[in-house]
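Those sequence lines, one after another, are chains C and Y.
For the first sequence, the working numbering gives the first residue as 14, with consecutive numbering after it.
For the second sequence, the working numbering gives the first residue as 14, with consecutive numbering after it.
Using N, Cα and C, we set each Cβ at its ideal position, and we do this for glycine too.
Computed from a predicted model, the values in this text were never measured in an experiment.
First up is the structure itself, then whatever we jot down about it.
2 protein chains.
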Amino acid sequence: MAFFDDLRYSPPMEARKTITLDPISCCAPVRADALDEVQADMLAHSFAALADPIRLRLLSFITSSAGEVCACDLVEPSGRSQPTVSHHMKILVDAGLVTRDKRGLWVWYRAVPERLDALRAVLG
Amino acid sequence: MAFFDDLRYSPPMEARKTITLDPISCCAPVRADALDEVQADMLAHSFAALADPIRLRLLSFITSSAGEVCACDLVEPSGRSQPTVSHHMKILVDAGLVTRDKRGLWVWYRAVPERLDALRAVLG
DNA sequence: ACATCACATTGACAACCATCAATTTATCGA
DNA sequence: TCGATAAATTGATGGTTGTCAATGTGATGT
């Protein structure tokens, strides 16, 4: 019971093996960074492209169609104006998640599966 | 060559089989939404939690340590002030990506692998 | 009770972001 | 060359976000 009281108000077992109750050294150090600052900046930029519901739906339109999708088919189902859709698509393209291919008057978008795989890898 | 010129300035093969050159029907329709608006809102909220380099590094500190990490060990390596780290950790907790456990003076964080798995699933 | 410590909250500010109307740019058919 | 069309850009606006100094809150040991 004194043991459990100790546990409740102290650093965990692993830490308690090597440290004292001195607040300065209360905590076991975390491991070396898995992500350096440059990697974190790049990844954050990619995830930011996914951090908007409209962009997620636009991307889902594209990934759920096996091939390409015309920009003209994204405006109406997204419920946003043409300039807004163009703005969001630019963000997805700049993040490398989709490619843009202009042919004549129309622009065609394709998902970039390798890029989505890379983001998946970071999460697991 | 006339054939390729056509290809270059027209909708793709699949579309050309069923449509005319009338601009109104120029494009093959995208498939039904894979993501409805409610799902998109929730997912965007989760990805927004990952859309900051500091939060990605904080999360990586936690996931790269097998067990828990003390909040007191996150301030110095993140290079941000204590209130700023507290702010970012709240965002990660609210997004369900980490859990918060206060024991005595210290707060301990743990990753929530199921939640990271869920986000991974969306990307693949 | 009191001083101390870990962490959260508040308040303020600058930077960034989503959105749309209006306009511009690029491409096509005639 | 001209009119029409798809998409990008511009400019403006309201809302959100990252940051820190100062302060508040709750737990601890004495």
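| Item | Value |
| --- | --- |
| Contiguous beta strand (DSSP E) assignments of at least 3 residues, all confined to the region 69 to 117 of chain Y | 111 to 116 |
| Beta carbon proximity, residue 137 of chain Y to chain C, threshold 8 Å | yes |
| C-beta neighbour in chain C for residue 44 of chain Y, strict 8 Å | Confidence at residue 44 of chain Y is low in this model, with a pLDDT of 38, below 50, so its placement is unreliable and no value can be given for it. |
| Chain Y contact for residue 77 of chain C (CB, 8 Å cutoff) | yes |
| Contact set for residue 67 of chain C: own chain, Cβ-Cβ below 7 Å, skip 5 residues either direction | 91, 93 and 101 |
| Chain C contact for residue 133 of chain Y (CB, 8 Å cutoff) | yes |
| Same chain, Cβ closer than 7 Å to residue 70 of chain Y, five either side skipped, listed in chain order | 91 |
| Chain Y contact for residue 107 of chain C (CB, 8 Å cutoff) | no |
| Contact residues within the region 70 to 97 of chain C, judged by C-beta distance below 9 Å to chain Y | 70, 72, 73, 74, 75, 76, 77, 78, 79, 80, 81, 82, 83, 84, 85, 86, 87, 90 and 92 |
| CA-to-CA distance, residue 110 of chain Y to residue 48 of chain C, given in whole angstroms | 17 Å |
| Where residue 125 of chain C sits in the DSSP three-state scheme | coil |
| Where the alpha helix (DSSP H) containing residue 53 of chain Y begins and where it ends | 50 to 62 |
| 7 Å Cβ cut-off: residues of chain Y touching residue 124 of chain C | None at all; the shortest Cβ gap to chain Y is about 11 Å. |
| Selected residue, minimal CA-CA separation from residue 76 of chain C, among C:65, C:129 and C:57 | C:129 |
| Check whether residue 57 of chain C and residue 61 of chain Y have beta carbons under 8 Å apart | no |
| Minimum Cβ-Cβ distance from residue 34 of chain Y to chain C less than 8 Å | Low per-residue confidence applies at residue 34 of chain Y: pLDDT is 31, beneath 50, and the placement is therefore not dependable, though the value from the model is reported in the following sentence. Chain C contact via Cβ: absent. |
| Nearest-angstrom Cβ-Cβ length linking residue 72 of chain Y and residue 132 of chain C, presumed shorter than 8 Å | Between residue 132 of chain C and residue 72 of chain Y the Cβ distance is about 14 Å, and since that is not below 8 Å, they are no contact. |
| Residue from C:107, C:106, C:79 and C:88 whose Cα sits closest to the Cα of residue 98 of chain C | C:88 |
| Proximity below 8 Å, CB of residue 112 of chain C to CB of residue 106 of chain C | yes |
| Per-residue contacts from residue 50 of chain Y into chain C (C-beta, under 9 Å) | 66, 70 and 92 |
| Integer Cβ distance of residue 59 of chain C from residue 108 of chain C, believed to fall under 8 Å | 5 Å |
| Identity of the residues DSSP links to residue 120 of chain Y by a beta bridge | Y:115 |
| Residue 114 of chain Y at chain C interface by Cβ criterion, 8 Å | no |
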